[in-house]
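These protein sequence lines are chains F and E, in that order.
Taking the working numbering as reference, the numbering of the first sequence is continuous, increasing by one, and the terminal residue is 218.
Taking the working numbering as reference, the numbering of the second sequence is continuous, increasing by one, and the terminal residue is 218.
We put the beta carbon where it would ideally sit given N, CA and C, even for glycine.
This structure is a prediction, so every number in the text was calculated from the model and none was measured.
2 protein chains.
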Amino acid sequence: MFSKTCEYAIKACIYIASQSLVQKRVGIKDIAQAIESPEAFTGKIMQVLSKNHIVDSVKGPHGGFEIPESAMKEKKLAEVVRAMDGDDIFKSCGLGLKECSGANPCPLHRQFAKIRADITKLLETTTLFDVATGLADGLTFLKR
Amino acid sequence: MFSKTCEYAIKACIYIASQSLVQKRVGIKDIAQAIESPEAFTGKIMQVLSKNHIVDSVKGPHGGFEIPESAMKEKKLAEVVRAMDGDDIFKSCGLGLKECSGANPCPLHRQFAKIRADITKLLETTTLFDVATGLADGLTFLKR
DNA sequence: TCAATAAAAGATAAAAAAGTCTTTTATTGT
DNA sequence: ACAATAAAAGACTTTTTTATCTTTTATTGA
Numbered sequence: 075m076f077s078k079t080c081e082y083a084i085k086a087c088i089y090i091a092s093q094s095l096v097q098k099r100v101g102i103k104d105i106a107q108a109i110e111s112p113e114a115f116t117g118k119i120m121q122v123l124s125k126n127h128i129v130d131s132v133k134g135p136h137g138g139f140e141i142p143e144s145a146m147k148e149k150k151l152a153e154v155v156r157a158m159d160g161d162d163i164f165k166s167c168g169l170g171l172k173e174c175s176g177a178n179p180c181p182l183h184r185q186f187a188k189i190r191a192d193i194t195k196l197l198e199t200t201t202l203f204d205v206a207t208g209l210a211d212g213l214t215f216l217k218r
Numbered sequence: 075m076f077s078k079t080c081e082y083a084i085k086a087c088i089y090i091a092s093q094s095l096v097q098k099r100v101g102i103k104d105i106a107q108a109i110e111s112p113e114a115f116t117g118k119i120m121q122v123l124s125k126n127h128i129v130d131s132v133k134g135p136h137g138g139f140e141i142p143e144s145a146m147k148e149k150k151l152a153e154v155v156r157a158m159d160g161d162d163i164f165k166s167c168g169l170g171l172k173e174c175s176g177a178n179p180c181p182l183h184r185q186f187a188k189i190r191a192d193i194t195k196l197l198e199t200t201t202l203f204d205v206a207t208g209l210a211d212g213l214t215f216l217k218r
């Protein structure tokens, strides 16, 4: 569904958001630990998220990453996915046709269109705030 | 969604099925051409499909691959997907948690469960016959 | 100002997926 | 029996993804 990179990115954002809810800025070590990801690789991912203005990054002592509450209420999961995996999951044909459309449909065009629409709706309507609260409340998890 | 290998496999099966509908056995060159896949790689994929009894293979002159009409009415797309990609798409957590469940849910557990169920239903109920007819009738395509 | 901290940037490395090439085996028709 | 055909099997190569290691830059507080 998503690349490993994208999975880590989504989990990292949710973790950072949940910590930002209690005014805590978190470092890479922290994140890697919270989402069970390789530390150095997580650093690379954070660079992309930071460049795409999905998270705020602060260098130096007491630095780390954060997402202001106002921002996390705006940011949709779709933005994270687009930053990491592009918009393949939103657009591309399930069987890999380059020009799959109503005029040139693959044998599963209509069926996949429905599924893609559901995925798109989920990712375009869910905000980081929406998912961060469940984590903060101990109702959901990012490990195991 | 699917690996490239799996996409080729699905398309190959649909093409073979559609040709079997008119009593035509098809060779690897034929298939590769019909689905725009690399020929040698397609050969490798056919080996897997053959070993998994999804297609019948015949060696020697006039040999090739076929799927008897009775068989294609039984074979679900899910069997092809399982042979190539395993059952990750049917089972595994969208965020990559190893033990994602009602008791230890990832933040998107319920939402993904719904989408996975839809995908599973589609793949488990659609037979090769179902999709081969549309191709044979020129209503759907495997290229472009 | 300087040592410590933490992310950014850059260069590699390892693993997995995608793809190719060569040799072998099975089948067919002459 | 044997030449031709076509898939199976095995050994490789290339590309992409995942992951690591090192150096640089920015920030802080003593």
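{"query": "Chain E contact for F:L95 (CB, 8 Å cutoff)", "result": "no"}
{"query": "Chain F within 8 Å of E:C87, Cβ atoms only", "result": "no"}
{"query": "Nearest residue (CA-CA) to E:T79, options E:Q121, E:S94, E:S92 and E:A177", "result": "E:Q121"}
{"query": "C-beta neighbour in chain F for E:R218, strict 8 Å", "result": "yes"}
{"query": "Cβ-Cβ distance between F:T201 and F:K149 below 8 Å", "result": "yes"}
{"query": "The stretch 107 to 117 of chain F / the stretch 200 to 215 of chain E touching (three or more Cβ pairs under 8 Å)", "result": "no"}
{"query": "Sub-8 Å separation of F:V154 and F:I128 beta-carbons", "result": "yes"}
{"query": "Chain E contacts from the stretch 132 to 155 of chain F (Cβ-Cβ distance under 7 Å)", "result": "none"}
{"query": "E:R190 versus F:F215 - alpha carbon distance", "result": "19 Å"}
{"query": "Where E:V100 falls, given that 16 or more other Cβ within 10 Å makes a residue buried", "result": "buried"}
{"query": "Minimum Cβ-Cβ distance from F:L123 to chain E less than 8 Å", "result": "no"}
{"query": "Paired residues, beta bridge with F:S131 - DSSP", "result": "F:F139"}
{"query": "Pairwise C-alpha distance: E:E173 and F:G160", "result": "27 Å"}
{"query": "Nearest-angstrom Cα separation, counted from F:L123 out to E:I193", "result": "30 Å"}
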